[in-house]
Structure formats: C-alpha cells, structure tokens
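Under our numbering, the first residue of the sequence shown carries the number 130, and numbering increases by one thereafter.
First comes the structure, then the notes that go with it.
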Amino acid sequence: MVIRNSRIRGFASDTNAGICPEAWEALDRANRGHAPAYGFDSHTQEARAAIQDIFGTDCQVYFVFTGSAANSLAVAHLCRSYELAICHETAHLDLGECGGPEFFSGGSKVLPLPGEHGRLDAAGIRNAVETRTRDFQYPAPRLVSLTQATEAGTVYSLEQLREISHLCRELGLRVHMDGARLANALVHLGCEPADTTWRAGVDVLSFGCTKNGLPQGEAVVFFDRELASGFEYRWKQSGQVASKMRFLSAPWTALLKSGAWLRNARHANACAARLEQGLRPLEGISLSCPREANGVFVRLRPALAAALRQRGWTVGVMPGGAARFMCSWDTRDEDVDALIRDFRELVAEP
Ligand SMILES: *Cc1c(COP(=O)(O)O)cnc(C)c1O
Numbered sequence: 130m131v132i133r134n135s136r137i138r139g140f141a142s143d144t145n146a147g148i149c150p151e152a153w154e155a156l157d158r159a160n161r162g163h164a165p166a167y168g169f170d171s172h173t174q175e176a177r178a179a180i181q182d183i184f185g186t187d188c189q190v191y192f193v194f195t196g197s198a199a200n201s202l203a204v205a206h207l208c209r210s211y212e213l214a215i216c217h218e219t220a221h222l223d224l225g226e227c228g229g230p231e232f233f234s235g236g237s238k239v240l241p242l243p244g245e246h247g248r249l250d251a252a253g254i255r256n257a258v259e260t261r262t263r264d265f266q267y268p269a270p271r272l273v274s275l276t277q278a279t280e281a282g283t284v285y286s287l288e289q290l291r292e293i294s295h296l297c298r299e300l301g302l303r304v305h306m307d308g309a310r311l312a313n314a315l316v317h318l319g320c321e322p323a324d325t326t327w328r329a330g331v332d333v334l335s336f337g338c339t340k341n342g343l344p345q346g347e348a349v350v351f352f353d354r355e356l357a358s359g360f361e362y363r364w365k366q367s368g369q370v371a372s373k374m375r376f377l378s379a380p381w382t383a384l385l386k387s388g389a390w391l392r393n394a395r396h397a398n399a400c401a402a403r404l405e406q407g408l409r410p411l412e413g414i415s416l417s418c419p420r421e422a423n424g425v426f427v428r429l430r431p432a433l434a435a436a437l438r439q440r441g442w443t444v445g446v447m448p449g450g451a452a453r454f455m456c457s458w459d460t461r462d463e464d465v466d467a468l469i470r471d472f473r474e475l476v477a478e479p
C-alpha cells in the first residue's frame, strides 16, 4: 500500500523517521576499507562495549535486524515449547510479531493480559498465574515481558517495575523487557539505564534505537549471562547474524557515546509534550492515557479523524480506539504546531 499525501514529517510512527546524523556518519566511517564479517570486527566489539558501559555491567549482547526478532528470539530462548510468556494485551510481542515468539520457541504460549494505561500490574499477573496454572493442563509460567515505554505512551515507574520483578522472583518467572523505546522511558524517569533494567530485576532486554535515530537493528541484551548460553546458535539459525555486522553495530557506538540517544529521546518526548499542551484545551479532545514518553494518544471522533486525514495527516487508530500521534528525533516544533492548528480549526467547525 502506498500512502499518498502523507506529510514529510508526520506523526504516524516514530519508525517513519530517518537516520540521525551521528548514526549516518558512523556508517560512513565503518565503510572505509575491509573488516572481518559476522561480528568479528572492531566496530561490533566497540558497540558491545558501549552497551555494557551504559548499563554498567558485563552483559552479553547480540545484534539482530529487528525488534520483532529480538523479542521472538529472547522469548524463545527462555521459554520451552510448553512454557508460558505473559505480556500486556497491547504488547508488540503479541500483536506485532505474527506469532514469532511462539514459532521460534516451537509452541510456547503468549498470554496477553489487560492492565491500565498499557501497563501490566503485579496483582493481574498473580491472578493469571494462580487461576490458570494449577497443573500440567496449562503451559507452565516462565516469563513476564514488560514494554518500556509502553505501547500506550506511558512509562513503568521504578517502583512498579520492582514490584513486578519481586513477584516474578517469588513465582519463579524470568523478566524480559521490550525496550524499543527505552531511551524515551529513561529521559522521562531521569534515571540511569541500569535502574530501569537489571537493577529492577530485568533478565533480558530487547534494546531498540531504530525509532530513535538508528538505521536498523536491535540488540538482545542478557543481564544474566548464563541465560545466554547457546544463544549464538539460535541467532544464526534464525538468520539474524548479519554478515556485514559493522553496519548494524557501528551506529550504536556513535549514538550511545555521543549521548545522541538521550538527546534524541528527550527531543521527541518534548515534542509530544508540546502536542499534548496544544490539544488539551480543545473542546471534545481528551487523551486516553497520560502522556509520558514520545506519543500522544487521543480519543477522536471518527469524523474528526477523517477530516485530519483529508488534510494529509496519517491518523493511526490503535486497538482500543485511540488515535496515536508519535513524535520522533527529527520532529520540528512547526510540525507539531501545524497539527495543533489543524486540530483547532477542525474542532471549531460546526
Ligand atoms: C517498534 C517496536 C518493536 C520492534 O519492531 P520492528 O519493526 O520489528 O523492529 C518492538 N516493540 C515495540 C514496543 C515497538 O514499538
């Protein structure tokens, strides 16, 4: 499907943004001459070290092509075919990966649970485990996957994360984090990368920066190195070992070392805050969730959504009915203001 008449810098998805300058320059530098293939190159070593450095721990890092691959392979590596992974009902893991976690694990069940504002909560997880998993007629619970920031534009607080991971420890469950927007969550929380991951009980992280300025690629990060045992085979078997891996890995180093990953995320969050401020006063417009990261989720009458589309905006409606407006590392104030202006004019129409 070709989307016509879409604005150059729209709000349909932060994945629609391009490559940020720091990452682009790193690609150019990595392109000077030959380097060993399959990750045995210095660029990939440096990128692994940069990730270990920001998390302040000796984690095990594997670069893959997509967030779907990172999630699917992480879940598959932790769950046997008869085990259960729990996620939120809006999670990419369940809705956006075409059964990848189930496929790569050879049959694990993914159980989506409701929870306010895109977040799972400890009581809901406990209830699901205790009511469903009495004996071997139901898959054995093994893993909880948390999306940080969530698909609803909210962020788990450190307290919420700790409460869930304590429960997981009590129930013998491992914790996976889908960090496709981890940087947006970090700048919202104002905490260290370690605080919202391994110090909060996260065992494995799908770390993404594609939405935050990278050209492509995610990293599977095992904070518990023992859990990574054998992962390199799964990585290769699934076709995720890039032959010219330096072009996946080198931009990571540039983004992390320069601080651009946090600058970009702070910028995207600030644009979303500007959009929120512009929309809040408008009659008949309300947010479906508090705005905490780089997305604004708005309850829209279908007629208003249609009118916005007529003015060239791509308006994506999420499961649950809210329209999603995502800001990116390269969103400009004038883009935000143009959208607010159109909202204001359309809301005022009889
Ligand atoms: C974008 C996204 C992903 C990864 O998507 P890919 O398109 O497969 O790279 C994973 N989880 C969340 C929450 C996302 O927003």
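Glycine included, C-beta positions come from ideal geometry on N, C-alpha and C.
Counting along the chain, the unbroken alpha helix (DSSP H) around Y362 starts and ends at 360 to 366.
Closest by C-alpha distance to E299, out of P270, E421, I183, D459, is P270. Taking non-hydrogen atoms of ligand 1 into account, the C-beta of D307 is found less than 8 Å away from one of them. Contact between the segment 198 to 211 and the segment 226 to 238 is present, with at least three C-beta pairs closer than 8 Å.
Around the beta carbon of K365, fewer than 16 other beta carbons sit within 10 angstroms, so the residue counts as exposed.
Residue pairing by DSSP places G139 in no beta bridge whatsoever. The three-state secondary structure of Q369, taken from DSSP, is coil. With a cutoff of 8 Å, L242 does not count as near ligand 1, since its C-beta is closer than that to no heavy atom of the ligand. The three-state reading of DSSP puts C297 in helix, counting H, G and I together.
Rounded to the nearest whole angstrom, the C-alpha separation of A383 and A203 is 25 Å. C-alpha of H305 to C-alpha of R354: approximately 14 Å in a straight line. Within the model, the alpha-carbon separation for W327 versus V370 is close to 25 Å. Per DSSP, reduced to three states, the secondary structure at H305 is strand.
Distance from the CA atom of N341 to the CA atom of L213, rounded to whole angstroms, is 31 Å.
Looking from the CA of G247, the closest CA among R440, A436, G424 belongs to G424. K373 has its Cβ no nearer than 8 Å to any heavy atom of ligand 1.
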